[in-house]
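Numbering (the numbering used here), first residue to last: 1118 to 1446.
Glycine included, each C-beta is placed from N, C-alpha and C at the ideal position.
To start, the structure itself, in structure tokens.
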């Protein structure tokens, strides 16, 4: 296929942008055959009449680009026309074809949601990482983060999303949902994801975030008393949760108090790995607010986001690269 003048000029440029390098690493780190094989049975085959469906690989790469840059359906369509890097990642040559439109991507996303295929993508990517020795499975860190939802009632229904709820953090109230995750203690990769309303207590989801083979679980002060809950009694898991802030501040400045403070610092240092994947999703992928109404659609997106976050965190090991890359707008 003959390249356009713009493609040729782009190929000759001397500097690779951060977006170029980021997408190159994502493309190299993604185990494309596995997720494509998982989605293929559900993807339209065409009946020989009319226009055939766009290739599954192209729709998957377009969807991944959308998640990596926090774009709407219309936004990623425009980005393909505006950005040569994204256009090359998706595999579009504008001299011979046009980009899939926003409606086509919307239908593809709804297909993923209907059949819970983002969870399969998450599992396939994690299986690939495990095959590379990037999951140790001896310990888990559990945590949750709030993701805001629009609190405005100025919409068609005249009400806020009924599946989202308020939650208090510190002295502030937040409206939205929670993303609960279980993270491998050694590698910092996410192995479990649960989406709930914002008012769900962290401790109520702890048992569902375990894969069953871990011996130790770490959690912050929101998981106090987790080992005494009915669903966790009788398990062989050793729970280590942070001391409540008020009690920690009240520690005496004596030998015992200093020992307890040192223990809290050690636990906090070990739990810090869980913040890396949250940073990727919220800062790198710009997912600070829910994009859709309802828990089901937003939870489906969380599986995609954390699967890609795992690839970002593991890309140095998978690609053999040692340069830090961040996506740019």
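When rounded, the separation of the alpha-carbon atoms in residue 1142 and residue 1374 is 47 Å. Taking the Cβ atoms as the reference, residue 1207 lies roughly 28 Å from residue 1247, outside the contact range of under 8 Å. The straight-line gap separating the alpha-carbon atoms of residue 1177 and residue 1201 is approximately 18 Å. The C-alpha of residue 1413 is placed about 24 Å away from the C-alpha of residue 1286. DSSP assignment within the segment 1347 to 1423 yields the following whole beta strand (DSSP E) runs of 3 residues or more, N-terminal first: 1355 to 1358. The C-alpha of residue 1209 is placed about 43 Å away from the C-alpha of residue 1319. Apart from sequence neighbours up to five positions away, the residues of its chain that approach residue 1328 with a beta-carbon distance below 6 Å are 1308, ordered along the chain. Taking C-beta atoms under 8 Å as the contact rule, residue 1155 and residue 1230 fail to qualify, at a distance of about 15 Å. Assigned with DSSP and collapsed to three states, residue 1312 falls in strand. Exposure of residue 1163 is indicated by the presence of fewer than 16 other C-beta atoms within 10 angstroms of its C-beta. Distances from the alpha-carbon of residue 1269 to those of 1261, 1263, 1262 and 1281 put 1281 closest. Between residue 1333 and residue 1411, the C-beta spacing is not below 8 Å. As a beta-bridge residue in DSSP terms, residue 1284 pairs with 1291. DSSP places residue 1260 within a strand segment (E or B) once states are collapsed to three. Take residue 1337, set aside five residues on each side of it, and the residues of its chain with a beta-carbon closer than 6 Å to its own are 1359, in chain order. Nearest to residue 1191 by alpha-carbon distance, out of 1216, 1168 and 1211, is 1216. Here residue 1312 is actually not in contact with residue 1221; their C-beta atoms are around 26 Å apart, not less than 8 Å. Here residue 1214 is exposed, its C-beta having fewer than 16 other C-beta atoms within 10 Å. Scanning the segment 1227 to 1281 for uninterrupted alpha helix (DSSP H) segments of 4 residues or longer gives 1234 to 1248, listed from N- to C-terminal end. With respect to the 8 Å criterion, residue 1265 and residue 1292 are classified as neighbours on the basis of their beta carbons.
Cβ-Cβ distances below 6 Å link residue 1160 to 1173 in the same chain, with the five nearest sequence neighbours on each side left out; the list follows chain order.
Our two residues, residue 1317 and residue 1421, have alpha carbons roughly 22 Å apart in a direct line. In its chain, beyond the 5 residues on either side, 1216, 1217, 1218, 1219 and 1222 have a beta carbon closer than 8 Å to the beta carbon of residue 1194. When only Cα atoms are considered, residue 1430 and residue 1347 end up about 35 Å apart. Excluding the 5 residues flanking it on each side, residue 1303 has same chain C-beta neighbours closer than 6 Å at 1253, in chain order. DSSP places residue 1197 in the helix class (H, G or I) of the three-state scheme. Residue 1389 counts as exposed, since fewer than 16 other C-beta atoms from the protein chains shown sit within 10 angstroms of its C-beta.
Around the CB of residue 1137, 16 or more other CB atoms lie within 10 Å, so the residue is classed as buried. For residue 1366, the closest alpha carbon among the candidates 1243, 1381 and 1314 is that of 1381.
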